[in-house]
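Using mature numbering (1 follows the signal peptide of the UniProt record, and there is no 0), the letters of the sequence shown map in sequence onto residues -29 to -1, 1 to 702.
Where is the CB? At the ideal position from N, CA and C, for every residue including glycine.
Here the structure is a predicted model, which means the values were calculated and not measured.
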Amino acid sequence: MPLKRYCRLSAKTFLLIILCCITSFYASAQKKNAGYKYHIRRAASAINIDGVMNEQAWIQADSAGDFFMVLPMDTSKATVKTEVRMTYDDKNLYIIAINYNSVPGPYMVESLKRDFSFVKNDNFLIFMDPFDARTDGFSFGANAAGGQWDGSMYEGGKVDLSWDNRWYSAVKNYPDKWVWEASIPFKSIRYKKGIKEWGINFSRNDLKTAEKSSWTPIPRQFPTASLAYTGTLVWDEAPPTASSNVSIIPYALTGLSKDYQHNTKTEYKHEIGGDAKISVTPSLNLDLTVNPDFSQVDVDQQVINLNRYELFFPEKRQFFLENGDLFANFGYSDIRPFFSRRIGLNVPIDFGARLTGKLDKDWRIGAMDIQTGGSGSARQAPENYGIITLQRRILDRSNIAFLFVNKDATANIPGTNTGSTAYNRNIGAEFNLASRSNIWTGKVLALKSFTPGVSGRDYVLSDHFQYLSKYWTLYMQEEYVGKNYNAEVGYVPRVGYVKLSPLLLRNFFPKQGNILSHGIQLTSNYFFDESFHRTDNESILSYLITFRNRATLSVSGINDYVRLLKPYDPTNIGKGLLPAGSEHNWNTIDVQFVSKPQNVFTYLLEASHGGYYDKGVRNSVTSLIGYRFQPYVNIAINTSFNDLRLPQPFGHNTFWLVGPKIDVTFTNSLYFTTYIQYNEQVDNININTRLQWRYKPASDLFIVYGDNTTPSPYTVKNRQLTLKWTYWCNL
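And the structure:
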């Protein structure tokens, strides 16, 4: 059988990964930059967080400097000088970074906005790995104007900026340097009692010289956040352990909303609720929530939807974010057995609990239980969601992970249908490969679903393997998703297929001239049905150019083939359906240019021309234009235009999407954001305006206004106004 043949191929790939893993990892257990050590000592005096290095504690602290250049090239020391010092007391970890100028002129920053874009700001960041496991940790930093950055780290070098915690910092500017000083409470990070060596690294981004640098040497193909290349923070004594670490975060909310489409009365809303964070151990955290509200969360960025399958939008709700990689990153981008945005969809969340963190250097655990209410109007019964995940580090930086997801209807509402979906369960395991130097990575994944009345072909097998060097990138991914696989709490937009996805990239580095690197890349995505008959594929041949000023240019030729498995409307506006079984093939040329990030005026321009379904033609233009009035105002306009020319009944269609966004940061604790989105495809204008006052660290007052209208004829659909107060209280 073809499916058996695919399983045999997957088994061979698995054995290849294991073989490479053993030969690559067993040679040495010592991390790459183990020789870079910073010795941290207890503070000799009190420290005032003001950006001035005048305390005795700083004078006596060790200094880390002599950074290495990462970009534009990784073959020399940095030209910009950076000096870092660290110390601590019973409650806080302190850090100060002196960032010297090498080129006269103003600093480059977007705004005072929190969690800024790394590439558009002069900034300094610290990456901490308290277990020195080179897989997860925490990041803190600031831009040259004082805008803060904080995030949790996962998968060895990715930073989740949605993570938010309580800490303090200040930036002071001088003619020849800017200084960042910070105090990070031990209560705000997770670490194991008694561990005296942490992974540590420092990163500097200087836009005036287009230079990115790091305390330890890092190959240019990796981010400075890569935990595989951290040095070692050596404590003179074990870091202090807080006697109690409990945070209570209540909220109170009032607001009003009106549905003009159904001409309902204005609804007045008054709610209270909150969260609690309890440190079971210094590295294991229990999160509790009661009647949570997420009205202050940023709205999703809209897109013109010309896809045959469901679109993905990221999670933004705070409760699901800390250590969220344990749950959300299991699987692949299009095979997610757990997707938290399925929870609380059109129904309220009554309460929930999450236990996440590390048991020791090798074990991570995540357990979550959420209870939702029911909704008669949405024809949805109350449901309980239970998720358990366990991750075990093996060899050097690899791990084996297990996941169990359970959804149960806990009651029945008249008029709802809970028959075949009374419960849904998923169980899975994956092996994640990461070499000591991060050059070799890979994954092997297996999933099985359980749904009432369904059996057979309800499982997933997938794997990938990647080699990443300065000159070559080699990648291969295989997927099999059975036609009966069902992840009701996941994101799996497509079932009943086999997929092969190879990628080949070769980079070249001229020794002089305006071009820093250029290379040719070939990628393909081939889909087959379960009998290994081709259903569709996309192949892309690209030439990629990176200039020394960090601007980029790409030119791509794309070939698409589709055999429709279901009737499909290529406009997604209800003009008709192409029949199942019909075949479509076309070619496209695409050009994209991204400007250098150093300017206050930045832009991305992309244009494509080619064929489309039913021998049609598709032309599209996309742009992202930004201008900043440093450091207070950042204006961005996201625009896309699609022109579709098809035979009848579809005809000629044009779709505009225009999304201007204005961020005003009066101070680093008072923010105003307005986001307007006009989507011609769905005939809607959405306005979202938010004023946020961070009156204390991690404590906020929000005023949020939302509006949806039909532009022609102008008709108001709904409006909302919300006032929300939150307070972070450490007990």
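With DSSP run on the structure shown, which of helix, strand or coil describes Phe600?
-> Phe600 falls in the strand class under three-state DSSP.
Just list the beta strand (DSSP E) runs in the stretch 520 to 567, keeping only unbroken ones of 3 residues or longer that don't cross its boundaries, in chain order.
-> The stretch 520 to 567 contains these whole beta strand (DSSP E) runs: 523 to 534 and 554 to 565.
When DSSP labels each residue in this structure, what does Tyr698 get in the three-state scheme?
-> Looking at Tyr698 - three-state DSSP - the assignment turns out to be coil, as it is neither helix nor strand.
Just the Cα atoms here: how many angstroms apart are Leu326 and Asp540?
-> So the alpha carbons of these two residues sit roughly 44 Å apart.
Measure from the alpha carbon of Ala115 to the alpha carbon of each residue in Met99, Ser133, Val74 and Met79, then state which is nearest.
-> The shortest Cα separation from Ala115 among Met99, Ser133, Val74 and Met79 belongs to Met79.
Trp138 and Ile155: beta carbons closer than 8 Å?
-> For Trp138 and Ile155, yes; Cβs fall inside 8 Å.
With 16 other Cβ atoms within 10 Å as the buried cut-off, status of Gln27 | It counts as exposed.
Closest Cα partner of Thr542 within the set Ser420, Asn276 and Glu501 | For Thr542, the closest C-alpha among the options Ser420, Asn276 and Glu501 is that of Asn276.
Inter-residue Cα distance where the pair is Phe(-5) and Leu42 = Reliability fails at Phe(-5), whose pLDDT of 45 lies under 50, so the model's placement of it is uncertain and no value is given.
Cα-Cα, which of Asn478, Thr494 and Ser495 is closest to Ser488?
-> Minimum Cα distance to Ser488 is reached at Asn478.
Give the DSSP-derived three-state secondary structure of Ser304 in the structure shown.
-> Coil, per DSSP.
What residues match up with Gly399 in a beta bridge as DSSP calls it?
-> BP columns for Gly399 point to Leu374 and Leu418.
Please check the pair Val270 and Tyr646, which I expect to be a contact at CB under 8 Å, by giving their CB distance rounded to whole angstroms.
-> Going by Cβ atoms, the distance from Val270 to Tyr646 rounds to 6 Å, so yes, they are a contact pair.
Excluding the five sequence neighbours on either side, which residues of its own chain have a C-beta within less than 6 Å of the C-beta of Val463, listed in chain order?
-> Same-chain partners within the cutoff: Ile306.
What is the DSSP secondary structure of Phe109, reduced to helix, strand or coil?
-> Phe109 falls in the strand class under three-state DSSP.
Indicate whether the contact test is met: 3 or more Cβ pairs, each with one atom in the stretch 211 to 224 and one in the stretch 33 to 42, closer than 8 Å.
-> Here the stretch 211 to 224 makes no contact with the stretch 33 to 42; the two share fewer than three CB pairs at distances below 8 Å.
Under 8 Å by Cβ, that's how I've got Ala299 and Glu286 pegged, so tell me the actual separation to the nearest angstrom.
-> Your pair Ala299 and Glu286 checks out as a contact, with CB atoms roughly 7 Å apart and the cut at 8 Å.
Environment of Arg396 [buried if 16+ CB atoms lie within 10 Å] = Buried: at least 16 other Cβ atoms inside 10 Å.
Can you list, in chain order, the residues of its chain whose CB lies under 7 Å from that of Cys(-9), leaving out five sequence neighbours each side?
-> Unreliable positioning characterises Cys(-9) in this predicted model, as indicated by a pLDDT of 47, which lies under 50. A coordinate reading is not provided.
Contact set for Ser513: own chain, Cβ-Cβ below 6 Å, skip 5 residues either direction = The answer, listed in chain order, is Gln492, Ser525 and Ser527.
So Lys414 and Phe402 are in contact, right, with Cβ under 8 Å, and what is the actual spacing, rounded?
-> Contact holds; Cβ gap of about 7 Å.
Nearest-angstrom Cα separation, counted from Lys537 out to Phe498 = The alpha-carbon of Phe498 is positioned some 15 Å away from that of Lys537.
Would you say Phe157 and Asn63 are within 8 Å of each other, going by their C-beta atoms?
-> Inclusion of Phe157 and Asn63 in the CB contact set at 8 Å is warranted, their separation being smaller than that value.
Tell me whether the beta-carbon of Glu501 lies closer than 8 Å to the beta-carbon of Val469.
-> Taking 8 Å as the Cβ cut-off, Glu501 and Val469 qualify as a contacting pair.
Contact check, Leu132 vs Asp86 under 8 Å by CB: the rounded distance?
-> Yes, Leu132 and Asp86 are in contact; Cβ-Cβ is about 4 Å, under 8 Å.
Exposed unless 16 or more other CB atoms sit within 10 angstroms - verdict on Arg335 = Classification of Arg335: buried, given that the 10 Å Cβ count is 16 or more.
So which of Pro682, Lys667 and Gln652 has the shortest CA-CA distance to Val274?
-> Nearest of Pro682, Lys667 and Gln652 to Val274, Cα basis: Gln652.
Beta-carbon separation of Asp331 and Arg363 under 8 Å?
-> No.
Any 3 or more C-beta pairs closer than 8 Å across the stretch 604 to 611 and the stretch 43 to 50 = The stretch 604 to 611 vs the stretch 43 to 50: no contact.
Measure the beta-carbon distance from Leu549 to Tyr584 and round it to whole angstroms, keeping in mind my assumption that it falls under 8 Å.
-> Confirmed, about 6 Å.
May I have a chain-ordered list of the alpha helix (DSSP H) segments no shorter than 4 residues that lie completely inside the stretch 3 to 52?
-> The qualifying runs are 27 to 31.
Measure the C-alpha to C-alpha separation of Val562 and Leu83 and round it to an integer number of angstroms.
-> Those two C-alpha atoms are separated by around 33 Å.
Distance between Gln119 and Ala669 (C-alpha atoms, nearest Å) | In a straight line, the C-alpha of Ala669 is about 12 Å away from that of Gln119.
How would you call Lys164, buried or exposed, if buried means at least 16 neighbouring beta carbons within 10 angstroms?
-> Answer is exposed; the Cβ neighbour count stays below 16.
Could you tell me which residues DSSP puts in a beta bridge with Trp362?
-> It is Gln, not Trp, that sits at residue 362 in the sequence shown. DSSP output for Gln362 lists Arg335 and Ala372 as bridge partner(s).
Cutoff 6 Å; reference Lys229; Cβ partners in own chain excluding five residues on either side | Hits under 6 Å: Thr237 and Arg690.
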